[in-house]
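**Student:**
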Amino acid sequence: MTDKVKIFGDLHVAGNPLILYNIWDAGSAKAVADAGASAIATGSWGVACAHGYKDGETFPVDLVFANLAQILNVTDLPVTLDFEAGYGADAAQVGQMVEKVAKAGAAGINIEDKDPVTRELFEIETACARIEAAAASGIWINARADLFIVTPKEHHDLALVEKVLERAKAFVDSGANSLFVPFIADASLISHLCSKSPLPVNILVGDGIPDIKTLASLGVARISHGHGPWARAMQDLTNAAKLAMATPD
47 MTDKVKIFGD LHVAGNPLIL YNIWDAGSAK AVADAGASAI ATGSWGVACA
97 HGYKDGETFP VDLVFANLAQ ILNVTDLPVT LDFEAGYGAD AAQVGQMVEK
147 VAKAGAAGIN IEDKDPVTRE LFEIETACAR IEAAAASGIW INARADLFIV
197 TPKEHHDLAL VEKVLERAKA FVDSGANSLF VPFIADASLI SHLCSKSPLP
247 VNILVGDGIP DIKTLASLGV ARISHGHGPW ARAMQDLTNA AKLAMATPD
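Using my numbering, read the sequence shown as starting at 47 and increasing by one per residue.
1) Could you check where the beta strand (DSSP E) with Thr126 kicks off and where it finishes?
2) Given a threshold of 16 other Cβ atoms within 10 Å of its Cβ, counted over all protein chains shown, does Gly98 qualify as buried or as exposed?
3) Out of curiosity, what's the CA-to-CA distance linking Ser183 and Phe217?
4) What three-state label does DSSP hand Ile187 in the structure shown?
5) Going residue by residue through the stretch 107 to 183, where are the continuous beta strand (DSSP E) segments of at least 3 residues, counting only ones entirely within it?
6) In angstroms, rounded to a whole number, what distance separates the CA positions of Pro256 and Pro294?
7) Would you give the residue range spanned by the beta strand (DSSP E) that Ser270 belongs to?
8) Looking at Val93 and Trp186, is the spacing between their C-beta atoms short of 7 Å?
9) Quick check: what's the CA-CA separation for Ser243 versus Ala214?
10) In the DSSP assignment, what residue or residues form a beta bridge with Thr88?
11) How many angstroms separate the CA atom of Arg165 from the CA atom of Gly132?
12) Helix, strand or coil: which one does DSSP assign to Val227?
13) Since Asp128 and Gly89 are thought to touch, with beta carbons under 8 Å apart, how far apart are those beta carbons, to the nearest angstrom?
14) Pairs of beta-carbons, one from the stretch 63 to 70 and one from the stretch 162 to 176, closer than 8 Å: are there three or more?
15) Does the Cβ-Cβ distance between Ile269 and Val251 come in under 7 Å?
16) Do Ile249 and Leu235 come within 7 Å of each other at the CB atom, strictly closer than that value?
17) If we ignore side chains and look at the alpha-carbon of each, how far apart do Phe11 and Asn113 end up?
18) Could you spell out the range, first to last residue, of the beta strand (DSSP E) harbouring Val247?
19) What do you get for Met291, buried or exposed, if any count of 16 or more other CB atoms within 10 angstroms of its CB means buried?
20) Alpha carbons only, please: which of Leu64, Ala137, Phe111 and Gly102 is nearest the one belonging to Ser220?
21) Look at Val120 and Lys149 and say whether their C-beta atoms are less than 7 Å apart.
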(Lines of atoms letter the chains of each structure in order from A; the text may use other names.)
(Lines give C-alpha, C1' and ligand atoms only; values in the text may rest on other atoms or scores of the structure.)
Protein backbone atom coordinates (compact mmCIF):
# COMPACT_ATOMS: atom_id res chain seq x y z
CA MET A 47 0.00 0.00 0.00
CA THR A 48 2.92 2.37 0.47
CA ASP A 49 3.24 2.91 -3.29
CA LYS A 50 -0.47 3.64 -3.66
CA VAL A 51 -0.42 6.10 -0.77
CA LYS A 52 2.50 7.89 -2.42
CA ILE A 53 0.74 7.93 -5.78
CA PHE A 54 -2.29 9.42 -4.09
CA GLY A 55 -0.25 11.97 -2.16
CA ASP A 56 1.61 13.09 -5.27
CA LEU A 57 -1.71 14.06 -6.87
CA HIS A 58 -2.08 16.94 -4.37
CA VAL A 59 -0.53 19.84 -6.26
CA ALA A 60 -1.31 23.47 -5.47
CA GLY A 61 -2.52 25.11 -8.67
CA ASN A 62 -3.15 21.76 -10.38
CA PRO A 63 -5.61 20.22 -7.95
CA LEU A 64 -6.72 16.62 -7.64
CA ILE A 65 -10.41 16.49 -8.63
CA LEU A 66 -12.45 14.05 -6.59
CA TYR A 67 -15.96 13.35 -7.85
CA ASN A 68 -17.23 11.61 -4.74
CA ILE A 69 -18.88 8.20 -5.01
CA TRP A 70 -20.99 6.04 -2.71
CA ASP A 71 -20.72 2.39 -3.83
CA ALA A 72 -18.92 0.04 -6.21
CA GLY A 73 -21.11 0.95 -9.18
CA SER A 74 -20.55 4.68 -8.82
CA ALA A 75 -16.83 4.06 -8.22
CA LYS A 76 -16.56 2.16 -11.49
CA ALA A 77 -18.47 4.89 -13.35
CA VAL A 78 -16.16 7.63 -12.06
CA ALA A 79 -13.06 5.52 -12.73
CA ASP A 80 -14.25 4.92 -16.29
CA ALA A 81 -14.65 8.70 -16.68
CA GLY A 82 -10.90 9.09 -16.22
CA ALA A 83 -10.51 9.78 -12.50
CA SER A 84 -7.04 9.77 -10.95
CA ALA A 85 -8.40 8.59 -7.59
CA ILE A 86 -11.66 7.54 -5.99
CA ALA A 87 -13.17 9.22 -2.93
CA THR A 88 -16.27 8.27 -0.98
CA GLY A 89 -18.54 10.89 0.54
CA SER A 90 -20.05 9.91 3.88
CA TRP A 91 -23.39 11.63 3.20
CA GLY A 92 -23.96 9.84 -0.08
CA VAL A 93 -22.76 6.50 1.28
CA ALA A 94 -25.05 6.70 4.29
CA CYS A 95 -28.10 7.88 2.35
CA ALA A 96 -27.58 5.30 -0.41
CA HIS A 97 -27.91 2.61 2.26
CA GLY A 98 -30.87 4.14 4.10
CA TYR A 99 -28.98 5.89 6.90
CA LYS A 100 -28.22 9.49 7.86
CA ASP A 101 -24.80 11.11 7.85
CA GLY A 102 -23.03 11.36 11.21
CA GLU A 103 -21.65 7.86 11.85
CA THR A 104 -25.10 6.27 11.91
CA PHE A 105 -24.00 3.98 9.05
CA PRO A 106 -22.75 0.87 10.90
CA VAL A 107 -18.99 0.52 10.73
CA ASP A 108 -19.15 -3.10 9.55
CA LEU A 109 -21.14 -1.89 6.55
CA VAL A 110 -18.58 0.89 6.00
CA PHE A 111 -15.91 -1.78 5.61
CA ALA A 112 -18.11 -4.01 3.47
CA ASN A 113 -18.84 -1.09 1.14
CA LEU A 114 -15.13 -0.19 1.02
CA ALA A 115 -14.22 -3.77 0.09
CA GLN A 116 -16.70 -3.74 -2.79
CA ILE A 117 -15.31 -0.42 -4.04
CA LEU A 118 -11.72 -1.64 -3.86
CA ASN A 119 -12.76 -4.75 -5.79
CA VAL A 120 -13.75 -2.74 -8.88
CA THR A 121 -10.82 -0.32 -9.19
CA ASP A 122 -7.05 -0.24 -8.94
CA LEU A 123 -7.06 3.52 -8.40
CA PRO A 124 -6.15 4.93 -4.98
CA VAL A 125 -9.28 5.05 -2.82
CA THR A 126 -9.78 7.51 0.01
CA LEU A 127 -12.53 6.87 2.54
CA ASP A 128 -14.61 9.58 4.17
CA PHE A 129 -14.35 8.16 7.67
CA GLU A 130 -16.23 11.00 9.39
CA ALA A 131 -14.73 11.53 12.89
CA GLY A 132 -12.92 8.18 12.88
CA TYR A 133 -15.61 5.88 14.31
CA GLY A 134 -13.98 5.91 17.73
CA ALA A 135 -14.89 7.30 21.14
CA ASP A 136 -11.26 8.23 21.77
CA ALA A 137 -7.92 8.42 20.00
CA ALA A 138 -7.03 4.80 20.72
CA GLN A 139 -10.24 3.52 19.12
CA VAL A 140 -9.76 5.85 16.15
CA GLY A 141 -6.28 4.45 15.66
CA GLN A 142 -7.58 0.88 15.69
CA MET A 143 -10.32 1.68 13.20
CA VAL A 144 -8.04 3.54 10.80
CA GLU A 145 -5.52 0.72 10.95
CA LYS A 146 -8.33 -1.55 9.69
CA VAL A 147 -9.02 0.93 6.89
CA ALA A 148 -5.36 0.81 5.87
CA LYS A 149 -5.23 -2.99 6.01
CA ALA A 150 -8.37 -3.15 3.88
CA GLY A 151 -6.48 -1.35 1.12
CA ALA A 152 -7.53 2.31 1.25
CA ALA A 153 -4.90 4.93 0.42
CA GLY A 154 -6.35 7.63 2.65
CA ILE A 155 -9.14 8.89 4.86
CA ASN A 156 -10.96 12.07 5.74
CA ILE A 157 -11.21 12.70 9.46
CA GLU A 158 -13.31 15.48 10.99
CA ASP A 159 -12.49 17.64 14.00
CA LYS A 160 -16.00 17.69 15.43
CA ASP A 161 -18.16 15.25 17.34
CA PRO A 162 -20.58 13.44 14.98
CA VAL A 163 -23.34 13.43 17.61
CA THR A 164 -23.12 16.86 19.25
CA ARG A 165 -21.73 18.53 16.08
CA GLU A 166 -19.42 20.55 18.34
CA LEU A 167 -15.74 21.04 17.55
CA PHE A 168 -13.23 18.96 19.45
CA GLU A 169 -10.65 20.89 21.41
CA ILE A 170 -7.47 21.15 19.35
CA GLU A 171 -5.63 18.73 21.66
CA THR A 172 -8.37 16.12 21.26
CA ALA A 173 -8.54 16.52 17.50
CA CYS A 174 -4.75 16.24 17.24
CA ALA A 175 -4.66 13.08 19.35
CA ARG A 176 -7.20 11.47 17.02
CA ILE A 177 -5.25 12.59 13.93
CA GLU A 178 -1.99 11.28 15.38
CA ALA A 179 -3.58 7.91 16.09
CA ALA A 180 -4.97 7.77 12.55
CA ALA A 181 -1.65 8.80 10.99
CA ALA A 182 0.10 5.86 12.65
CA SER A 183 -1.59 3.66 10.02
CA GLY A 184 0.62 5.15 7.30
CA ILE A 185 -2.21 6.23 5.00
CA TRP A 186 -2.92 9.76 3.75
CA ILE A 187 -4.76 11.79 6.40
CA ASN A 188 -7.02 14.55 5.08
CA ALA A 189 -7.72 16.45 8.30
CA ARG A 190 -10.98 18.37 8.19
CA ALA A 191 -11.29 21.70 9.99
CA ASP A 192 -14.99 22.43 10.38
CA LEU A 193 -14.94 26.01 11.67
CA PHE A 194 -16.66 27.31 8.54
CA ILE A 195 -19.42 24.72 9.02
CA VAL A 196 -20.18 25.54 12.66
CA THR A 197 -19.78 29.34 12.29
CA PRO A 198 -22.57 31.54 10.85
CA LYS A 199 -21.80 32.92 7.39
CA GLU A 200 -21.72 36.52 8.61
CA HIS A 201 -18.60 35.59 10.58
CA HIS A 202 -16.78 33.92 7.67
CA ASP A 203 -13.85 36.31 7.71
CA LEU A 204 -10.07 36.52 7.92
CA ALA A 205 -10.15 36.00 11.68
CA LEU A 206 -11.88 32.66 11.15
CA VAL A 207 -9.25 31.67 8.57
CA GLU A 208 -6.59 32.40 11.17
CA LYS A 209 -8.36 30.04 13.58
CA VAL A 210 -8.34 27.38 10.86
CA LEU A 211 -4.61 27.96 10.33
CA GLU A 212 -4.02 27.55 14.05
CA ARG A 213 -5.59 24.11 13.78
CA ALA A 214 -3.71 23.36 10.57
CA LYS A 215 -0.36 24.02 12.26
CA ALA A 216 -1.31 21.64 15.06
CA PHE A 217 -2.66 19.07 12.62
CA VAL A 218 0.54 18.93 10.57
CA ASP A 219 2.55 18.32 13.74
CA SER A 220 0.19 15.41 14.47
CA GLY A 221 0.82 13.73 11.12
CA ALA A 222 -1.92 15.12 8.88
CA ASN A 223 -1.10 15.24 5.15
CA SER A 224 -3.70 17.69 3.84
CA LEU A 225 -6.25 20.16 5.17
CA PHE A 226 -9.95 20.04 4.27
CA VAL A 227 -11.97 23.22 4.91
CA PRO A 228 -15.60 22.78 3.80
CA PHE A 229 -17.94 25.77 3.31
CA ILE A 230 -15.23 28.40 2.87
CA ALA A 231 -16.45 30.34 -0.18
CA ASP A 232 -14.83 33.75 -0.49
CA ALA A 233 -11.98 33.75 -3.01
CA SER A 234 -9.79 36.10 -0.98
CA LEU A 235 -10.17 33.94 2.11
CA ILE A 236 -9.38 30.78 0.15
CA SER A 237 -6.30 32.48 -1.32
CA HIS A 238 -5.09 33.51 2.13
CA LEU A 239 -5.71 30.02 3.49
CA CYS A 240 -3.76 28.38 0.66
CA SER A 241 -0.85 30.82 0.93
CA LYS A 242 -0.46 30.31 4.68
CA SER A 243 -1.43 26.67 5.21
CA PRO A 244 1.38 24.25 6.08
CA LEU A 245 -0.67 21.54 4.35
CA PRO A 246 -2.12 21.17 0.83
CA VAL A 247 -5.65 22.61 0.92
CA ASN A 248 -8.82 20.71 0.00
CA ILE A 249 -11.92 22.76 -0.87
CA LEU A 250 -15.51 21.55 -1.27
CA VAL A 251 -17.30 22.84 -4.36
CA GLY A 252 -20.94 23.88 -4.34
CA ASP A 253 -23.27 26.85 -4.64
CA GLY A 254 -21.43 30.11 -4.08
CA ILE A 255 -17.99 28.51 -4.30
CA PRO A 256 -15.55 29.68 -7.01
CA ASP A 257 -15.31 27.38 -10.03
CA ILE A 258 -12.56 24.80 -10.37
CA LYS A 259 -10.36 26.96 -12.61
CA THR A 260 -10.52 29.80 -10.10
CA LEU A 261 -9.85 27.49 -7.16
CA ALA A 262 -6.77 26.19 -8.95
CA SER A 263 -5.53 29.75 -9.49
CA LEU A 264 -5.96 30.41 -5.75
CA GLY A 265 -3.58 27.57 -4.89
CA VAL A 266 -6.04 24.80 -4.00
CA ALA A 267 -4.47 21.32 -4.20
CA ARG A 268 -7.57 19.12 -3.91
CA ILE A 269 -11.21 19.66 -4.85
CA SER A 270 -14.08 17.54 -3.54
CA HIS A 271 -17.68 17.35 -4.72
CA GLY A 272 -19.10 15.95 -1.48
CA HIS A 273 -22.69 14.74 -1.59
CA GLY A 274 -23.38 16.61 -4.84
CA PRO A 275 -22.83 13.65 -7.20
CA TRP A 276 -25.13 11.42 -5.14
CA ALA A 277 -27.82 14.11 -4.93
CA ARG A 278 -27.68 14.76 -8.69
CA ALA A 279 -27.83 11.03 -9.47
CA MET A 280 -30.85 10.58 -7.22
CA GLN A 281 -32.61 13.60 -8.76
CA ASP A 282 -31.95 12.23 -12.24
CA LEU A 283 -33.35 8.88 -11.15
CA THR A 284 -36.44 10.48 -9.67
CA ASN A 285 -37.04 12.55 -12.81
CA ALA A 286 -36.57 9.52 -15.08
CA ALA A 287 -38.89 7.41 -12.93
CA LYS A 288 -41.60 10.12 -13.00
CA LEU A 289 -41.31 10.29 -16.77
CA ALA A 290 -41.45 6.51 -17.13
CA MET A 291 -44.53 6.22 -14.93
CA ALA A 292 -46.38 9.22 -16.30
CA THR A 293 -49.89 8.41 -17.56
CA PRO A 294 -50.05 8.93 -21.35
CA ASP A 295 -52.45 11.63 -22.52
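For every residue, glycine included, the Cβ atom is placed at its ideal position computed from N, Cα and C.
**Tutor:** For this structure:
1) Position 80 of the sequence shown, counted from the first residue, corresponds to residue 126. Note, Thr126: beta strand (DSSP E), Val125 to Asp128.
2) As a working mapping, residue 98 is identified with position 52 in the sequence shown. Counting Cβ neighbours within 10 Å, Gly98 comes out exposed, since fewer than 16 surround it.
3) Mapped onto the sequence shown, residue 183 falls at position 137. Mapped onto the sequence shown, residue 217 falls at position 171. The straight-line gap from Cα to Cα measures roughly 16 Å.
4) The count along the sequence shown starts at 1 and reaches residue 187 at position 141. Ile187 falls in the strand class under three-state DSSP.
5) 125 to 128 and 154 to 158
6) Working through the sequence shown from its first residue, we reach residue 256 at position 210. Working through the sequence shown from its first residue, we reach residue 294 at position 248. Taking the straight line from one Cα to the other gives about 43 Å.
7) Within the sequence shown, numbered from 1, the residue matching residue 270 stands at position 224. It spans Arg268 to Ser270 - the beta strand (DSSP E) in which Ser270 sits, taken as one unbroken run.
8) Here residue 186 is taken as the residue at index 140 of the sequence shown, counted from 1. Here residue 93 is taken as the residue at index 47 of the sequence shown, counted from 1. Contact: no.
9) Numbered from 1 along the sequence shown, position 197 holds the residue referred to as residue 243. Numbered from 1 along the sequence shown, position 168 holds the residue referred to as residue 214. Roughly 7 Å between the two C-alpha positions.
10) On the sequence shown, residue 88 is found 42 positions in, with the first residue counted as 1. According to DSSP, which records beta bridges pairwise, Thr88 is partnered with Ile69.
11) Here residue 165 refers to the residue found at position 119 of the sequence shown. Here residue 132 refers to the residue found at position 86 of the sequence shown. Straight-line Cα distance between these residues: approximately 14 Å.
12) Residue numbering aside, residue 227 sits at position 181 when the sequence shown is read from its first letter. In this structure, Val227 counts as coil in the three-state DSSP scheme.
13) One-based indexing of the sequence shown puts residue 128 at position 82. One-based indexing of the sequence shown puts residue 89 at position 43. Contact flag correct, Cβ pair sits at about 5 Å.
14) no
15) Mapped onto the sequence shown, residue 269 falls at position 223. Mapped onto the sequence shown, residue 251 falls at position 205. In this structure, Val251 lies closer than 7 Å to Ile269 by Cβ.
16) Counting from one through the sequence shown, the residue named residue 235 turns up at place 189. Counting from one through the sequence shown, the residue named residue 249 turns up at place 203. In terms of Cβ geometry, Leu235 and Ile249 do not form a close pair [threshold 7 Å].
17) No information on residue 11 is available, as it lies outside the stretch 47 to 295 that the chain covers here.
18) In the sequence shown, counting from the first residue as 1, residue 247 sits at position 201. Per DSSP, Val247 belongs to the beta strand (DSSP E) from Val247 to Leu250.
19) Looking up residue 291 in the sequence shown gives position 245. Met291 should be labelled exposed.
20) For this step, residue 220 is matched to residue 174 along the sequence shown. The shortest C-alpha to C-alpha distance from Ser220 to any of Leu64, Ala137, Phe111 and Gly102 is the one to Ala137.
21) For the purposes of this step, residue 120 is taken as residue 74 along the sequence shown, with counting starting at 1. For the purposes of this step, residue 149 is taken as residue 103 along the sequence shown, with counting starting at 1. No; because the gap between Cβ atoms is not below 7 Å, this pair is not in contact.
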